[in-house]
Amino acid sequence: MYRVTIDTGTTNTRVTVWQGKNAIHTEKREVGVRMTSIEGNNRKLKATVRECLEAALHRCGINEQEVEIIIASGMISSELGLCEIPRATAPVSAEKLAGQCVKKEIPEVSMLHPIFFIPGVQNYTPGVEAWNCSSMDIMRGEEVETFGLLSREKIKGPVVLVLPGSHTKYVYVNKKDEIQGCTTTMAGEILMELTRSSIISSSLQAGYVEEIQETWLRAGAAAAAREGLNRCAFSVRILDLFSESTRSQRANYLLGAIIETDLQALFHSPVYEMKQDSMVLIGGDSAYARGFAILLRERKGFEGNVRMAEKVNQENVAGYGAIEIMEKRMKQ
Numbered sequence: 074m075y076r077v078t079i080d081t082g083t084t085n086t087r088v089t090v091w092q093g094k095n096a097i098h099t100e101k102r103e104v105g106v107r108m109t110s111i112e113g114n115n116r117k118l119k120a121t122v123r124e125c126l127e128a129a130l131h132r133c134g135i136n137e138q139e140v141e142i143i144i145a146s147g148m149i150s151s152e153l154g155l156c157e158i159p160r161a162t163a164p165v166s167a168e169k170l171a172g173q174c175v176k177k178e179i180p181e182v183s184m185l186h187p188i189f190f191i192p193g194v195q196n197y198t199p200g201v202e203a204w205n206c207s208s209m210d211i212m213r214g215e216e217v218e219t220f221g222l223l224s225r226e227k228i229k230g231p232v233v234l235v236l237p238g239s240h241t242k243y244v245y246v247n248k249k250d251e252i253q254g255c256t257t258t259m260a261g262e263i264l265m266e267l268t269r270s271s272i273i274s275s276s277l278q279a280g281y282v283e284e285i286q287e288t289w290l291r292a293g294a295a296a297a298a299r300e301g302l303n304r305c306a307f308s309v310r311i312l313d314l315f316s317e318s319t320r321s322q323r324a325n326y327l328l329g330a331i332i333e334t335d336l337q338a339l340f341h342s343p344v345y346e347m348k349q350d351s352m353v354l355i356g357g358d359s360a361y362a363r364g365f366a367i368l369l370r371e372r373k374g375f376e377g378n379v380r381m382a383e384k385v386n387q388e389n390v391a392g393y394g395a396i397e398i399m400e401k402r403m404k405q
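Counting with the working numbering, you get residues 74 to 405 for the letters of the sequence shown.
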């Protein structure tokens, strides 16, 4: 029998067919919950998930009767997805997430199988106000990535996962292997806007870091620690006008400033106390991920405690984590 996982984000949907815990084929479409927000209904999203399911099964040469279970995670369980379910409140284990999954019949996607939706996670912060809002955070999708990565990397808590993307997500896992909470920054989105849509875009030729240049990365980080990101961003233009720097060097300078600002969020999080011996696992293989590892390893006490996840362990990790969680549900 085969398993199917659905991973829907803001702009993309992936449907993967699995045999056991081995991914056979993935179908991807550039349609996510953003489409629901634009169109005011989720019909396009339903049709896209169905299209991906049919295409993936056809590619694998199997029919829907051979599917054992369909599991969904990510933004598909939000109010803009296919089935809104409440987030689980941290601390939350994989077993607790499994127990809060919701089974829902969605005939527009499958006439034969219900879909099991895995909830997202939110921090425990009662009475959110301006003075304590930094303690509150949310995730949908990163929870399955977290448990999938921990399993594949064979890591036990306590550990902090760094998941870069359009937003950086820090996921704090305690010694009981529970998600204790998370912290989110808009680093990727800010970097994109500065690079593509600001006065410094021409200084960067609207391009990102392709190769890390550590001297310039460190210079940007040091300047951000002294002067803040706002000044560092404009300094990219100053470097372009008055120095012999290259586009790549200026891009590294800006990336270092962005990462340093992200590190401030990590070290000052009210959700988790970072210590010198805290284990950190970094997902992704982007320039951001590599730069983050370089700058964090230079912090006292972190020289040997920063690890980048193996590339092979990150392939289809959301689906893998979803299957791990669902297997726990089956045992309950």
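Using N, Cα and C, we set each Cβ at its ideal position, and we do this for glycine too.
Quick caveat: nothing in here was measured; it's all calculated off a predicted structure.
Where the beta strand (DSSP E) through V165 begins and ends: In the DSSP assignment, V165 falls outside any beta strand (DSSP E), carrying neither H nor E.
Starting from H131, follow the alpha helix (DSSP H) in both directions and report where the run begins and ends. 116 to 133
Quick test of the definition: if touching needs 3 or more C-beta pairs under 8 Å, does the segment 183 to 192 touch the segment 222 to 241? no
7 Å CB neighbourhood of A165 in its chain, flanking five on each side removed: Note on identity: in this sequence residue 165 is Val, with Ala being the wrong assignment. Contacts found: V194, E251, I252.
For F365, is the classification buried or exposed, using 16 other Cβ atoms within 10 angstroms of its Cβ as the cut-off for buried? buried
Just verifying my parser: in three-state terms, what is the DSSP assignment at L264? Correct three-state label for L264: helix.
With DSSP as the reference, label Y345 as helix, strand or coil. coil
State yes or no: is the C-beta of A360 within less than 9 Å of the C-beta of I273? no
Can you list the beta strand (DSSP E) stretches of 3 or more residues lying completely in the segment 203 to 271, in chain order? Listed in chain order, the complete beta strand (DSSP E) runs (minimum 3 residues) inside the segment 203 to 271 are 232 to 236, 241 to 246, 252 to 258.
Examine the Cβ distances between the segment 290 to 307 and the segment 319 to 334 and report whether three or more of them are shorter than 8 Å. In short, these stretches touch, since the Cβ pair count reaches three.
Is the Cβ-Cβ distance between I355 and F220 less than 9 Å? no
For D313, the three-state DSSP class (helix, strand or coil): DSSP places D313 in helix when its eight states are reduced to three.
The segment 131 to 145 in contact with the segment 386 to 403 per 3-pair CB rule at 8 Å: yes
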